[in-house]
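Counting from 34, one number per residue, gives the positions in the sequence shown under the numbering used here.
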Amino acid sequence: MVDSVGSVPGSITDRRVGAVTRVQTVRTVFSAANAGEAAAVQAPQTLAAELAAAAPVDLDRIAEIKAAVQAGTFPILPAKIADQLIALRLEWMRDDQA
34 MVDSVGSVPG SITDRRVGAV TRVQTVRTVF SAANAGEAAA VQAPQTLAAE LAAAAPVDLD
94 RIAEIKAAVQ AGTFPILPAK IADQLIALRL EWMRDDQA
């Protein structure tokens, strides 16, 4: 026989809180040997600041595309454009919570 799914009152039998012991604070000492590690720790913060300063745009590629459009040599493929529009629409619908 299968038990039905429903709310069954439960009970917690062990409500004791474990003992907490205080630990000593650890001092970080930087030496010449740790200088490379310190630079590696600071590098992501510096990199994040540099990346946040400018938009992730390839200006050389934009210049190439503008020149190709003005010269009339930029390939316009309707099938590729349609595929990308459909893919973007499907991605948008997948994320829609409504």
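Glycine included, each C-beta is placed from N, C-alpha and C at the ideal position.
What's the gap between the Cα of residue i and the Cα of residue j?
i	j	result
Ala87	Val56	44 angstroms
Arg94	Phe107	12 angstroms
Ala112	Ala82	40 angstroms
Met126	Ile119	10 angstroms
Val50	Leu92	60 angstroms
Ala85	Thr58	34 angstroms
Please classify residue i: does DSSP put it in a helix, a strand, or coil?
i	result
Ile119	helix
Gln78	helix
Ile114	helix
Ala86	helix
Arg127	helix
Considering just the uninterrupted stretch of the alpha helix (DSSP H) at residue i, what are its terminal residues?
i	result
Ile102	Per the sequence presented here, residue 102 reads as Val, with Ile not at that position. Per DSSP, Val102 belongs to the alpha helix (DSSP H) from Leu92 to Ala104.
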